[in-house]
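All residue numbers for the sequence shown refer to my numbering, where the first residue is 6 and numbers rise by one. We treat Cβ as the ideally placed atom computed from N, Cα and C, and that holds for glycine. The block underneath contains the structure these notes are about, expressed in structure tokens.
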Amino acid sequence: MGTTISLKVITACPKAEFTKIANSVFQNFEKIETQFSRFRENSEISRLNQARGIPFPASEELFTITEHALKLAVETEGAFDPTVLNSLIAEGYQSDFETLEKNQSQTDDYLEPVDFRSITLEPESQTIILAENVALDLGGIVKGYAVDCAVKILTQKFQHFLINAGGDIYLAGKNLVDEPWRVGIEHPTKKGTLLATLAVSDRAVATSGSYKRRWKKGNSENHHIIDPKTGHSAKNELVSVTVINQVVETADSLATAIFVLGAKKGLALAKNKKVECLLATQNLKLLGTPGIEKYIN
Ligand code: AMP
Ligand code: MG
């Protein structure tokens, strides 16, 4: 997934059994990567993107996640939009982040305006139809989904664990000293410094930020969250958004959506969706929903 996955489990279960379960968790991440990575030519999503204009019979997972993404697109009036791929590539994110050229020269990439309305879902045949000029990118939601799948496997055997896929996290039960797990909100520029610490048990915590996946293109500093209204990297007062709720997929996608919306509209969305959220602004002010207080440590 172009990201590090870490797993911590507090258990007395025999090592061999633990290793077996951990392996099935990691294999499942690998399976989701081979299905959803836009950087793999043969992934299901790449095959769908190559079949623009043609009805594409999708797997149940691809169909369901696309359905969830489109629902959020409608609810956020397009702030969350899984058709931002053309814009993302035009901004310079055209390959795996690890191999991406971080100092790119300016190019004149013409962008045809597209949006989520150019995707048609046919539930009966589980078919997805993309308009000719559209590409689907589920990067804002699928990592959360993958962590939810891991949680399903882990909860069959374990009560206390933490699973983290690059900032999309689930924290079950308690930590080694029998307290709620702690999650640090990183300072955007000072490595190793935290802006806040959240104490969480049996919750998903997902963070979207503009400070990690950044690069230069010509004179502009770009990052990986696109404002679909402009087609460029979202620019507002925020540097990071953390959402807490029960389901990682929801937390992940809402964090991306709230980042695009900015503080005022983003907090209104969090309230509407009944999730807690913590926002960090460019000048390092922390804002949040009233209910976030109980998690701040
Ligand atoms: P996250 O790190 O969860 O905020 O997800 C960022 C990823 O979501 C990007 O790498 C893109 O693949 C995708 N993305 C970027 N902007 C948007 C957007 N406005 N709506 C939906 N997905 C987006
Ligand atoms: Mg996200």
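| Contacts around residue 11, its chain only, beta-carbon distance under 6 Å, and the 5 residues preceding and following it disregarded | For this step, residue 11 is matched to residue 6 along the sequence shown. Within the same chain, residue 11 has close Cβ partners 169.
| For residue 146, three-class secondary structure by DSSP | Reading the sequence shown from its first residue, position 141 is the one you call residue 146. Looking at residue 146 - three-state DSSP - the assignment turns out to be coil, as it is neither helix nor strand.
| said: To the nearest angstrom, how far is the alpha carbon of residue 55 from that of residue 179? | reply: Residue 55 sits at position 50 when you count from the first residue of the sequence shown. Residue 179 sits at position 174 when you count from the first residue of the sequence shown. Their Cα atoms are separated by approximately 45 Å.
| task | Reducing DSSP to helix, strand and coil, say where residue 196 ends up. | result | Taking the sequence shown and counting its residues from 1, the one referred to as residue 196 is at position 191. Note: residue 196 maps to coil in three-state DSSP.
| request: Kindly indicate the opening and closing residues of the beta strand (DSSP E) around residue 246. | output: Start at 1 with the first residue of the sequence shown, and residue 246 comes out as number 241. It spans 243-250 - the beta strand (DSSP E) in which residue 246 sits, taken as one unbroken run.
| task | Count the other C-beta atoms from every protein chain shown that fall within 10 angstroms of the C-beta of residue 197, then say buried if there are 16 or more, exposed otherwise. | result | The sequence position of residue 197 within the sequence shown is 192, counting from 1. Exposed is the call here.
| query | Apart from the five residues just before and just after residue 78, which ones in its own chain have a Cβ nearer than 6 Å to its Cβ? | reply | Within the sequence shown, the letter at position 73 stands for residue 78. Correct list, in chain order: 85, 86 and 121.
| query | Quick one: does the C-beta of residue 30 sit closer than 6 Å to a heavy atom of the ligand AMP? | reply | Within the sequence shown, residue 30 is the residue found at index 25, counting from 1. No, the beta carbon of residue 30 sits no closer than 6 Å to any heavy atom of the ligand AMP.
| task | Would you check if the distance between the CB atom of residue 30 and the CB atom of residue 158 is smaller than 7 Å? | result | Here residue 30 is taken as the residue at index 25 of the sequence shown, counted from 1. Here residue 158 is taken as the residue at index 153 of the sequence shown, counted from 1. Yes, they are a contact pair.
| Just how far apart, CA to CA, sit residue 268 and residue 295? | Residue mapping note: residue 268 aligns to position 263 of the sequence shown, counting from 1. Residue mapping note: residue 295 aligns to position 290 of the sequence shown, counting from 1. Approximately 14 Å between the Cα atoms of the pair.
| query | Given a threshold of 16 other Cβ atoms within 10 Å of its Cβ, counted over all protein chains shown, does residue 172 qualify as buried or as exposed? | reply | Walking along the sequence shown from the start, residue 172 turns up at place 167. By the neighbour-count rule (16 or more Cβ atoms within 10 Å), residue 172 is buried.
| query | So what does DSSP say about residue 293, is it helix, strand or coil? | reply | Stepping through the sequence shown from its first residue, residue 293 is reached at position 288. If DSSP states are grouped into helix, strand and coil, residue 293 belongs with the strands.
| Per DSSP, residue 72 is paired with what? | Counting from one through the sequence shown, the residue named residue 72 turns up at place 67. Partner(s): none; residue 72 has no beta bridge.
| message | Does the beta-carbon of residue 92, which I'm using as the reference point, lie nearer than 6 Å to any heavy atom of the ligand ZN? | response | Ligands displayed in this structure: the ligand AMP and the ligand MG; the ligand ZN is not among them.
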